[in-house]
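Asker:
Protein chains: 2
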Amino acid sequence: MNEHVHASADLTKNQALVMGALTRSDSPLSAYTILDQLRDDGFRAPLQVYRALDKLVEFGMVHRLESLNAFVACRHPRCDDHETVVFMICETCSRVQELSDDVLANRVAFLADEARFALKNTTVELRGICRSCQAA
Amino acid sequence: MNEHVHASADLTKNQALVMGALTRSDSPLSAYTILDQLRDDGFRAPLQVYRALDKLVEFGMVHRLESLNAFVACRHPRCDDHETVVFMICETCSRVQELSDDVLANRVAFLADEARFALKNTTVELRGICRSCQAA
DNA sequence: CGAGATTGCGTTACTTTATAACGTGTGCAA
DNA sequence: TTGCACACGTTATAAAGTAACGCAATCTCG
Ligand SMILES: [Zn+2]
Ligand SMILES: [Zn+2]
Ligand SMILES: [Zn+2]
Ligand SMILES: [Zn+2]
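Note that the protein sequences, when read in sequence, are chains A and B.
Just so you know, the numbering used here puts 102 at position 56 of the first sequence, and the rest follows in order with no gaps.
Just so you know, the numbering used here puts 95 at position 49 of the second sequence, and the rest follows in order with no gaps.
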């Protein structure tokens, strides 16, 4: 059983609405942008969004981009290994590519180990220009 | 000439004050904490802090921790290679260890290259418990 | 030298991001 | 049925960051 796979049925109404907004978007959304998009669905206050986001992040269905204060739906090709994920954030089109890499993950684990650092969570965010934006 | 080494003489008064506050601290400081610490030195508004921080980050003397919305003085053992730096952030004592690692940096560069992503900036932040806090 | 540009600085007001605190309703289990 | 867990709604507030204005000191180059 894969712990971070949740059918829509598992989600509450608010969680499903927030998840829907993120899934529809092809770039990260701030909590307040989500709030604005969901006004017609009855959303009124930031907490409604933040509470749903907290759960979705906990489920592994959404990632928070620390350097952007924004959120993306998980687009992992394979849904395992959410330990060490790399985000490539395009500063031109603001689209985000998500990937996981064992070599990188292992190196991070090694460095932590070497420093006797009990690793709980890894953030890797790359800023730059994506392939298609370079063409232009 | 090493571009990010700046003698105190190079800094303006405000930059020196902010740098001093960060250097004295053994953990990251938010801009507003710095502001409070510098009230007696004449600081009144957030912008005074942010403007100094912008420059210090540009000089490479200060790093921004994205996952903390906070800032640390650079404590690089060797002052080169500010391209890819790893921060280990202790969630217990909130101290931060900074290190650079060529293997990790190369892997990041490789992944970016492979995706034809023009890499400008890399953020790697590890959350966990530091060595000395585990002992306790 | 002096006109124009650049840079740092100070202040007010403001925007964006995130939480605290309190109360409601629903389902479920002892 | 009573107690608990949990999602939800609302108001207010905290924390982080920026826009816009103007002033003064320092380059810089004709
Ligand atoms: Zn993912
Ligand atoms: Zn792009
Ligand atoms: Zn450094
Ligand atoms: Zn610690």
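Ideal Cβ placement from N, Cα and C applies to all residues, glycine included.
Note that this is a predicted model, so its numbers are computed, not measured.
Within 7 Å: the Cβ of VAL170 (chain A) and any heavy atom of ligand 3?
Answerer: no
Asker: So is the beta-carbon of ARG141 (chain B) under 7 Å away from any non-hydrogen atom of ligand 4?
Answerer: Under cutoff, so the answer is yes.
Asker: Nearest-angstrom Cα distance between ARG177 (chain A) and THR168 (chain A)?
Answerer: 25 Å
Asker: Using a Cβ-Cβ cut-off of 8 Å, state whether VAL51 (chain A) counts as contacting chain B.
Answerer: Low per-residue confidence applies at VAL51 (chain A): pLDDT is 48, beneath 50, and the placement is therefore not dependable, though the value from the model is reported in the following sentence. VAL51 (chain A) does not count as touching chain B.
Asker: If the criterion is Cβ atoms closer than 8 Å, does the pair ALA77 (chain A) and TYR96 (chain A) meet it?
Answerer: yes
Asker: Three or more beta-carbon pairs under 8 Å between the segment 138 to 149 of chain A and the segment 156 to 167 of chain B, yes or no?
Answerer: yes
Asker: Report the option in A:THR138, A:GLU137, A:THR130, A:CYS136 whose CA atom is closest to the CA atom of LEU145 (chain A).
Answerer: A:THR130
Asker: Tell me, please, whether the segment 76 to 90 of chain B touches the segment 102 to 110 of chain B by the rule of three or more beta-carbon pairs shorter than 8 Å.
Answerer: no
Asker: Relative to the C-alpha of ALA116 (chain B), which residue among B:HIS122, B:ILE175, B:VAL142, B:VAL132 is closest?
Answerer: Of B:HIS122, B:ILE175, B:VAL142, B:VAL132, the residue nearest in Cα terms is B:VAL142.
Asker: Quick one: is the Cβ of CYS179 (chain B) within less than 7 Å of any heavy atom of ligand 4?
Answerer: yes
Asker: Following a CB-centred definition, is VAL154 (chain A) positioned closer than 7 Å to any heavy atom of ligand 3?
Answerer: no
Asker: Starting from ARG173 (chain A), follow the beta strand (DSSP E) in both directions and report where the run begins and ends.
Answerer: 164 to 175
Asker: Answer yes or no: does any C-beta atom of chain B fall closer than 8 Å to that of CYS176 (chain A)?
Answerer: yes
Asker: Alpha carbon to alpha carbon, what distance is there between LYS59 (chain A) and ALA91 (chain A)?
Answerer: Each residue's Cα considered, the two are about 15 Å apart.
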